[in-house]
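**Student:** Pasting a structure below so you can have a look.
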Amino acid sequence: MILAVASGKGGTGKTTLSVNLARVLGSGVRLFDCDVEEPNCHLFLRGTTREAETVAIPVPHVDESLCDGCGECGRFCEYHAIVSFGTKPLVFPEMCHGCGGCAKVCPKKAIREVDKRVGVVETLQAENITLIQGRLDVGVAMAPPLIRAVKARLRNGVPAILDAPPGTSCPVVATLRGADFVVLVTEPTPFGLHDLKLAVGTVRELRIPFGVVVNRVGIGDERVHAFCGREDIPILLEIPDDRRIAEAYSKGNLIVEALPEYRGLFQSLIEKTMSLKNAGGV
Ligand code: SF4
Ligand code: SF4
Numbered sequence: 326m327i328l329a330v331a332s333g334k335g336g337t338g339k340t341t342l343s344v345n346l347a348r349v350l351g352s353g354v355r356l357f358d359c360d361v362e363e364p365n366c367h368l369f370l371r372g373t374t375r376e377a378e379t380v381a382i383p384v385p386h387v388d389e390s391l392c393d394g395c396g397e398c399g400r401f402c403e404y405h406a407i408v409s410f411g412t413k414p415l416v417f418p419e420m421c422h423g424c425g426g427c428a429k430v431c432p433k434k435a436i437r438e439v440d441k442r443v444g445v446v447e448t449l450q451a452e453n454i455t456l457i458q459g460r461l462d463v464g465v466a467m468a469p470p471l472i473r474a475v476k477a478r479l480r481n482g483v484p485a486i487l488d489a490p491p492g493t494s495c496p497v498v499a500t501l502r503g504a505d506f507v508v509l510v511t512e513p514t515p516f517g518l519h520d521l522k523l524a525v526g527t528v529r530e531l532r533i534p535f536g537v538v539v540n541r542v543g544i545g546d547e548r549v550h551a552f553c554g555r556e557d558i559p560i561l562l563e564i565p566d567d568r569r570i571a572e573a574y575s576k577g578n579l580i581v582e583a584l585p586e587y588r589g590l591f592q593s594l595i596e597k598t599m600s601l602k603n604a605g606g607v
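Count the sequence shown with the numbering used here and you get residues 326 to 607, in order.
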């Protein structure tokens, strides 16, 4: 089963949930930190790096001696990463998605592809958890290709947890695609509700079964619960606003280890997601 953990905004406890679920799932689980702009699962699972592989995408390089300035490449590129004004085209590699389309449409075969490094995929071993994390290079804005490289390490039949980037943009969609179930983490506040609604819209569009975890229950109000009730969205877990959890977090400790009485809650979340997924989801 591939379980993705996402949230409409950062700071809701998404990574906390991911690392604790991984620890509860235990032996053989693979945890994928897809928040490639700021991977932080490793702060809680101190492991040793087994592998580090650089990831590159193919970007166009124009041979000016062959180009006649026809502009076909620029008209094709929907990302405006290659632009021609009746002249030899300008290439903006930082905007290129590496789709290869411009090279295919060039009638003069003037475009060849060259590799542009975007980041690295690291594999760490933290006791019985394999952590795979992407790390985007500084100044690189194109997260989805690196996220896809991280997810290329998914293994058939091996349980996996995907820690998604915050928000609802392309990197989140790249993470969630192919997941069997999505857990949306939120807080019971007006901001939490606002971002939860956006996240719900995204997972519904992707047609992936999902449920909600409400973190820091005790702050805010009841509007998140009311929304989930109206929308028939299961609340899978409620994590109380417990000062001891914040303390464990600030020290980089796992809740299920610092506060073993919470272990059962995380275990029950896994069981609920499995049964909802098997029942065909929400
Ligand atoms: S490879 Fe694709 S995204 Fe990149 S410049 Fe060419 S058409 Fe645009
Ligand atoms: S499509 Fe080829 S020939 Fe036409 S402008 Fe682009 S690189 Fe030059």
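Ideal Cβ placement from N, Cα and C applies to all residues, glycine included.
1) Determine contact between the segment 386-406 and the segment 430-443, defined as no fewer than three beta-carbon pairs at a distance below 8 Å.
2) Can you list, in chain order, the residues of its chain whose CB lies under 7 Å from that of Thr379, leaving out five sequence neighbours each side?
3) Closer than 7 Å by C-beta to Glu362: which residues in its own chain qualify, once you throw out the five before and the five after it? Chain order, please.
4) Using DSSP bridges, identify the partner residues of Leu461.
5) Evaluate contact between the segment 520-533 and the segment 493-512, counting only Cβ atoms and requiring at least three cross-stretch pairs below 8 Å.
6) Starting from Phe357, follow its DSSP beta bridges and name the residues at the other end.
7) Any heavy atom of ligand 2 inside 8 Å of the beta-carbon of Gly526?
8) Assuming Val538 and Leu562 form a contact by the criterion Cβ under 8 Å, report the distance between their Cβ atoms to the nearest whole angstrom.
9) What's the C-alpha gap between Leu350 and Pro470?
10) Tell me which residues share the same chain as Ala583 and place their Cβ nearer than 6 Å to its Cβ, disregarding the 5 neighbours each side in the sequence.
11) Assuming Thr373 contacts Leu487 under a Cβ cut-off of 8 Å, what Cβ separation, rounded to an integer in Å, is found between them?
12) If we ignore side chains and look at the alpha-carbon of each, how far apart do Gln592 and Val465 end up?
13) Comparing the CB of Gly394 with every heavy atom of ligand 2, is any distance shorter than 8 Å?
14) Any idea if Thr340 is buried or exposed, counting beta-carbon neighbours within 10 angstroms, 16 or more meaning buried?
15) Near Asp520, what residues of its chain come up, given a Cβ to Cβ distance below 6 Å and the 5 sequence neighbours on each side ignored?
16) For Glu376, list the residues DSSP reports as bridge partners.
17) Look up His422 in the DSSP assignment and say whether it is helix, strand or coil.
18) At 3 residues or longer, what runs of the beta strand (DSSP E) sit wholly inside the segment 482-560?
19) What separation, rounded to the nearest whole angstrom, lies between the Cα atoms of Gly589 and Ala485?
20) Does the beta carbon of Gly336 fall short of 8 Å from some heavy atom of ligand 1?
21) Assuming Leu328 is part of the beta strand (DSSP E), what are its boundary residues?
22) Rounding to the nearest angstrom, what Cα-Cα distance links Gly482 and Arg355 in this structure?
23) Asp358 to Gly425, Cα distance in whole Å?
24) DSSP three-state call for Arg569: helix, strand or coil?
25) What is the rounded straight-line gap between the Cα of Ala329 and the Cα of Arg568?
**Tutor:** Quick look at the numbers:
1) yes
2) Numbered from its first residue, the sequence shown carries residue 379 at position 54. Contacts found: Arg442 and Val445.
3) Stepping through the sequence shown from its first residue, residue 362 is reached at position 37. Answer for Glu362: Leu461, Ala468 and Pro490, listed in chain order.
4) One-based indexing of the sequence shown puts residue 461 at position 136. Its beta-bridge partners are Gly444.
5) yes
6) On the sequence shown, residue 357 is found 32 positions in, with the first residue counted as 1. Ile457 and Leu487, per the DSSP bridge assignment.
7) For this step, residue 526 is matched to residue 201 along the sequence shown. It does not: the Cβ of Gly526 is nowhere closer than 8 Å to a heavy atom of ligand 2.
8) On the sequence shown, position 213 is the one that residue 538 refers to. On the sequence shown, position 237 is the one that residue 562 refers to. 5 Å between Cβ atoms; contact.
9) By 1-based counting over the sequence shown, the position of residue 350 is 25. By 1-based counting over the sequence shown, the position of residue 470 is 145. Approximately 28 Å between the Cα atoms of the pair.
10) Numbered from its first residue, the sequence shown carries residue 583 at position 258. Counting only Cβ-Cβ distances below 6 Å, and skipping sequence neighbours, we find Ala573.
11) Residue 373 sits at position 48 when you count from the first residue of the sequence shown. Residue 487 sits at position 162 when you count from the first residue of the sequence shown. About 22 Å; that fails the 8 Å criterion.
12) Position 267 of the sequence shown holds residue 592. Position 140 of the sequence shown holds residue 465. So the two alpha carbons sit approximately 38 Å from each other.
13) Indexing the sequence shown from 1 puts residue 394 at position 69. At least one heavy atom of ligand 2 is nearer than 8 Å to the Cβ of Gly394, so yes.
14) Numbered from 1 along the sequence shown, position 15 holds the residue referred to as residue 340. Under this definition Thr340 is a buried residue.
15) Position 195 of the sequence shown, counted from the first residue, corresponds to residue 520. Closer than 6 Å at the Cβ level, and outside the excluded window around Asp520, lie Gly333 and Lys334.
16) One-based indexing of the sequence shown puts residue 376 at position 51. Glu376 pairs with Thr448.
17) Reading the sequence shown from its first residue, position 97 is the one you call residue 422. Coil at His422, not helix or strand.
18) 485-488, 506-511 and 535-542
19) Counting from one through the sequence shown, the residue named residue 589 turns up at place 264. Counting from one through the sequence shown, the residue named residue 485 turns up at place 160. Cα-Cα distance, rounded: 20 Å.
20) The residue you call residue 336 lines up with position 11 of the sequence shown. Result no, Cβ not under 8 Å from ligand 1.
21) The residue labelled residue 328 in the question sits at position 3 within the sequence shown. Residues Ile327 to Ala331.
22) As a first step, residue 482 is located in the sequence shown; it is residue number 157 there, counting from the start. As a first step, residue 355 is located in the sequence shown; it is residue number 30 there, counting from the start. Those two C-alpha atoms are separated by around 11 Å.
23) Stepping through the sequence shown from its first residue, residue 358 is reached at position 33. Stepping through the sequence shown from its first residue, residue 425 is reached at position 100. C-alpha separation (whole angstroms): 27 Å.
24) Taking the first residue of the sequence shown as 1, we reach residue 569 at position 244. The answer is helix: DSSP assigns Arg569 an H, G or I state.
25) Here residue 329 is taken as the residue at index 4 of the sequence shown, counted from 1. Here residue 568 is taken as the residue at index 243 of the sequence shown, counted from 1. Rounded to whole angstroms, Ala329 to Arg568 spans 26 Å at the Cα level.
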